[in-house]
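Mapping of the sequence shown onto mature numbering (1 follows the signal peptide of the UniProt record, and there is no 0): residues -19 to -1, 1 to 284, in sequence order. Just so you know, even glycine gets a beta-carbon here, dropped at the ideal spot from N, CA and C. Source: prediction; values computed, not measured. See below for the structure under consideration.
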Amino acid sequence: MKNVFVFCFALFVTNTMVAQNRLTDTTATCVAYWKNKESKVFLVKNIKDQKVDSSTQSHLEFSYEAHITVKDSTKDGYTVEWKNENYTSDDPSMSQVNMFFKNLKFIYKTDKNGDFSELVNWEEVRDFYVNLGALSIPKNNDTAQAVWEKTKALFQTREAVENTLIKDVQMFHTFYGGEYPTRKQSAETILPNPFGGQPIPALTTVQVSRLQKNSPTCTVRTTQEIDQGKAGIFIADLLKALGMPEAKTREELEEAFKYFSLRDEAEIELQVKTGWPVSLRFKRVAKMMSTLQTDTYSFTIKQ
């Protein structure tokens, strides 16, 4: 999305009290004007649903607090610490989540606009999830162990960890670094394949849905759709990386997934002066034949 709508400042932007996001009759910017050592807490809720022929097959809800601290601020960008705490869920099997995640934190950098740049402690994050995943592998099951070894091999680069293991961080920074129009605009784009295969073509639409010059906030919405059937590219690369025997040919997989569609919706309400979100909402809808899956995340500022 941002590779299409990203903007360049004509003048050098500094993190001062007078700096703020620019609103005009036709556009709005999304830039972080955060203070050094500043901390915010967001309530994050995730709802996952699966329906078959309109009948609910599974439903899961859980929530947690994202504690976000600006550890350092320079003219080039921010260093941020992100830690998730206080998990709650309607699923009893998730009762031990707080114990597992109490020592996990993400240290990452952004550019001066707040756009995500890199995960600094990516090896620590990778090792945490690898060790956690190993607990679920059945003992004395050679097939499961072989698949697990190939799965671990997928996460040996910073890019793979960033694209797959810090989903909430990536969502939080989706809009930063962009200038967004009040008139709906659409453009074709290319999504990176986290497993190193062919990129995936998609269509992105973006629009400032609420904009008033004197308002303390503005709202931006985007949608992104993968053409029906194009997900076969991603599935083929994933199964090939795992060495699964059913990954026969790309043509067979693309044929199998020709009825698969994927749509992402995102919305941010942004504080104009500070660049902190008031709220964010993300929804992914995946459909294949009569099966419909939705995955919704919401972020709401607490303090």
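Query, Result
"Please confirm whether residue 41 and residue 72 have their CB atoms less than 7 Å apart.", "yes"
"Are residue 265 and residue 279 touching if we call contact CB-CB under 7 Å?", "no"
"CA-CA distance, residue 331 and residue 283?", "No answer is possible for residue 331: the residues shown for the chain start at -19 and end at 284."
"What's the gap between the Cα of residue 228 and the Cα of residue 158?", "For residue 228, the predicted model reports a pLDDT of 45, less than 50, meaning its position is unreliable and no value from the coordinates is stated."
"Taking 7 Å as the limit between beta carbons, can you name the residues of its chain near residue 165, skipping five residues before and five after?", "186 and 188"
"Could you give the distance in angstroms between the alpha-carbon of residue 170 and the alpha-carbon of residue 155?", "15 Å"
"For residue 228, does the three-state DSSP call read helix, strand or coil?", "With a pLDDT of 45 at residue 228, under the threshold of 50, the predicted position of this residue should be treated as unreliable, and no value is reported."
"Taking the continuous beta strand (DSSP E) assigned at residue 63, which residues delimit it?", "58 to 70"
"In terms of residue numbering, what span does the alpha helix (DSSP H) encompassing residue 78 cover?", "78 to 82"
"Which of the three DSSP states, helix, strand or coil, is assigned to residue 203?", "strand"
"Taking all protein chains shown into account, do 16 or more other C-beta atoms lie within 10 angstroms of the C-beta of residue 203, making it buried, or fewer, making it exposed?", "buried"
"Taking 6 Å as the cut-off, is the CB of residue 56 close to at least one heavy atom of the ligand NAP?", "Of ligands this structure carries none, so the ligand NAP is not represented either."
"Let me confirm a value: residue 121 is counted as buried when at least 16 other C-beta atoms fall within 10 Å, else exposed. Which label applies?", "exposed"
"Which first and last residues belong to the beta strand (DSSP E) in which residue 9 is found?", "8 to 11"
"Helix, strand or coil: which one does DSSP assign to residue 246?", "strand"
"Using three-state DSSP, classify residue 19 as helix, strand or coil.", "coil"
"Going by DSSP, name the residue or residues bridged to residue 286.", "Examination of residue 286 is not possible in this model, given that the chain is present from -19 through 284 alone."
"Over what stretch of residues does the alpha helix (DSSP H) that includes residue 157 continue unbroken?", "Note, residue 157: premise wrong, no alpha helix (DSSP H); not H, not E."
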